[in-house]
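Colleague: Respectively, the protein sequence lines represent chains A and B. Each residue of the first sequence is one higher than the one before, starting from 33 at the first, in my numbering. Each residue of the second sequence is one higher than the one before, starting from 2 at the first, in my numbering. Idealized CB from N, CA, C, for every residue including glycine.
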Amino acid sequence: TQLLEQSPQFLSIQEGENLTVYCNSSSVFSSLQWYRQEPGEGPVLLVTVVTGGEVKKLKRLTFQFGDARKDSSLHITAAQTGDTGLYLCAGALLENAGNMLTFGGGTRLMVKP
Amino acid sequence: DVKVTQSSRYLVKRTGEKVFLECVQDMDHENMFWYRQDPGLGLRLIYFSYDVKMKEKGDIPEGYSVSREKKERFSLILESASTNQTSMYLCASSFGGLHSPLHFGNGTRLTVT
């Protein structure tokens, strides 16, 4: 069992649809980051959330950190084909003094035209 | 922009060979990391380094070693490659501050036959 569970693992939707990806844990994190990875490239940071209950928006992407800092969600409104990719959440455990991140298993999103 | 460069995009090695994966970053980052990425498992940390000549084990260090002789370079070594080490290997760096993001290279896909 992974420390950070992402769901769903795979998602295939039509352009224009909305979707939500979840990242859940029983552990508390000091911060949580979301990355997107495209084929042939390394993951690229989308956002960092730090405060429980925090909501951040990045154009059509909305990120939320749970009140207890154990979970997070990524909501995409009116998905576009350019949103296709692997979405990874990564958390810094509260008890870790260093900068080590624990990654979820990823959500592979396919947006069809 | 931070650039993290991995020396090879693809490598094919035979079982028992010694394998070197090289990574260089150009932003004077303190921290460097080696992850392996396998479908459904996300990114798993192999080793990391907070400073020159310093190394710490991650979650799955068995069968691997690392070297950091210079700040900008972090090498991953497979002393005797095995087929279960076939994977995508990702190098990353960060400046080390609280909540600092990881900057990834484009990965090395290693196949061990």
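Going by DSSP in three states, A:THR109 sits in which element: helix, strand or coil?
Modeller: coil
Colleague: Could you give the C-beta distance for A:LEU78 and A:TYR67, rounded to a whole number, given that I count them as a contact under 8 Å?
Modeller: 6 Å
Colleague: I'd like the span of the beta strand (DSSP E) that includes B:LEU79, first residue to last.
Modeller: 74-79
Colleague: State the beta-bridge partners of A:GLY117 as determined by DSSP.
Modeller: Per DSSP, the beta bridge partners of A:GLY117 are A:LEU141.
Colleague: Give every residue of the same chain whose Cβ lies closer than 6 Å to the Cβ of A:VAL53, excluding the five residues on either side of it in the sequence, and list them in chain order.
Modeller: LEU106, TYR119, THR139
Colleague: According to DSSP, which residues form a beta bridge with B:PHE96?
Modeller: Looking at the DSSP assignment, B:PHE96 forms no beta bridge with any residue, so it has no partner.
Colleague: So, is the C-beta of B:GLY43 closer than 8 Å to a C-beta in chain A?
Modeller: yes
Colleague: Listed in chain order, which residues of the region 64-95 of chain A have Cβ atoms closer than 7 Å to some Cβ of chain B?
Modeller: GLN65, GLY72, GLU73, GLY74, PRO75, LEU77, THR80, VAL82
Colleague: Can you list the residues of chain A that B:PHE75 reaches, using a CB-CB cut of under 8 Å?
Modeller: Annotation: B:PHE75 has no Cβ neighbours in chain A at a cutoff of 8 Å; minimum Cβ distance is about 14 Å.
Colleague: Flag this pair as touching only if the region 12-30 of chain B and the region 93-100 of chain A have three or more C-beta atom pairs under 8 Å; answer yes or no.
Modeller: no
Colleague: Less than 8 Å between CB atoms is the rule here; does A:GLN34 satisfy it with respect to chain B?
Modeller: A:GLN34 counts as touching chain B.
Colleague: Distance check for A:THR80 and A:SER62, CA to CA, integer angstroms please.
Modeller: 11 Å
Colleague: Measure the Cβ-Cβ separation of A:GLU37 and A:GLY136 and say whether it is below 8 Å.
Modeller: yes
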